[in-house]
Every structure is written in structure tokens, then in C-alpha cells.
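Peer 1:
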Amino acid sequence: MANPSIAQQGDAETVLRRAVALTPDAQAWETLGTILAGRGGALAESRDCYAVAVRIEPAFLRALNNLAVILHRLGQLRAAENHYTEVLRLASDNLDTWLNFAVLRGGPRALP
32 MANPSIAQQG DAETVLRRAV ALTPDAQAWE TLGTILAGRG GALAESRDCY
82 AVAVRIEPAF LRALNNLAVI LHRLGQLRAA ENHYTEVLRL ASDNLDTWLN
132 FAVLRGGPRA LP
């Protein structure tokens with residue numbers, strides 16, 4: 032999939048912000064979190080979007096995994112580990128989560 036331009040991301044963000052204000056839609060919250068995470072500087076807001084998506088739909092694997100990735104990037108390692116573990120409990124064959132979990136366990140910002 033091609034990367035959307037900055038203008039397209041801004042338009043999508045505006046539309047998604049309107050959508051999530053109107054209805055509790057986990058997919059919209061997850062997508063908004065992904066757009067914000069792509070900016071790099073909006074990690075806390077991205078984390079919050081993923082958390083809302085997971086509250087709405089607790090078994091939303093992509094939102095759970097993305098929340099764990101953002102928590103890891105924010106240095107919240109125990110919380111990240113908890114979310115990776117939850118994804119793997121729900122879908123033990125989720126390769127992306129296994130890889131992310133391995134990075135958490137063995138990377139430079141690894142858990143002790």
C-alpha cells in the first residue's frame with residue numbers, strides 16, 4: 032500500500048476525528064491512532080486512541096498490538112508486555128506480535 036501524502040493524512044485525520052466524536056467505532060479509533068503514530072511526535076495521543084479502540088473492542092488484535100508497540104516506544108515496558116501477552120493469548124499464531132515481543136524481551140530497551 033502506498034504511503035498517503037501529508038495532505039491526505041491530514042484530511043483523513045479530520046474525518047476520523049469527526050467520526051469518533053459521533054460514534055464509538057473501534058476501527059476509526061485504531062486508524063486515527065495509526066495516523067498519529069506515523070507523525071512520531073504524537074505518541075501519547077496515538078496510545079490514547081488505541082486504548083479507546085481496545086476498550087470498545089477488547090479482542091481487536093491490531094489495536095492491542097499497536098497499543099503495545101506505542102507503549103514500548105514510550106518506554107512503558109511492563110504495560111507493553113501485558114498487551115503483547117494478551118494478543119498472543121487471543122491469537123498465538125500472530126507473527127507480528129511474536130516479533131514485537133521478541134524485540135521487547137531482547138532489544139536495547141528490553142525488560143530486565
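Per this note's numbering, residue 32 is the first one in the sequence shown, and the count goes up by one each step.
Just so it is clear, CB atoms sit at the ideal spot from N, CA and C, and this is done for glycine as well.
Output needed for His114: all residues of its chain with C-beta closer than 7 Å, excluding positions within five of it in sequence on either side, in chain order.
Peer 2: Around His114: Leu95, Leu98, Ala99, Leu102.
Peer 1: Which runs of the alpha helix (DSSP H), 4 residues or longer, sit entirely within the segment 91-142?
Peer 2: You should have 92-104, 108-121, 126-137.
Peer 1: Could you pull out every residue in the same chain whose Cβ sits closer than 8 Å to the Cβ of Arg104, ignoring the five residues on either side in sequence?
Peer 2: Cβ within range, chain order: Leu74.
Peer 1: Considering only C-alpha positions, which residue in the set Arg136, Glu88, Ala59, Arg109 is nearest to Leu121?
Peer 2: Among Arg136, Glu88, Ala59, Arg109, the Cα nearest to that of Leu121 is on Glu88.
Peer 1: Over what stretch of residues does the alpha helix (DSSP H) that includes Gly69 continue unbroken?
Peer 2: 57-70 is the span of the alpha helix (DSSP H), which, as asked, contains Gly69.
Peer 1: I need the boundaries of the alpha helix (DSSP H) containing Glu76, first residue and last residue.
Peer 2: From DSSP, the alpha helix (DSSP H) with Glu76 extends over 74-87.
Peer 1: Once you ignore the five residues that flank Glu61 on each side, which residues in its own chain have a CB closer than 8 Å to its CB?
Peer 2: Result list for Glu61: Cys80, Tyr81, Ala84, Phe91, Arg93, Ala94, Asn97, in chain order.
Peer 1: How many Å lie between Gly72 and Leu63 at the Cα?
Peer 2: So the two alpha carbons sit approximately 14 Å from each other.
Peer 1: What's the C-alpha gap between Glu117 and Val134?
Peer 2: Distance between the alpha carbons of Glu117 and Val134: 16 Å.
Peer 1: What is the DSSP secondary structure of Thr54, counted as helix, strand or coil?
Peer 2: Three-state result, Thr54: coil.
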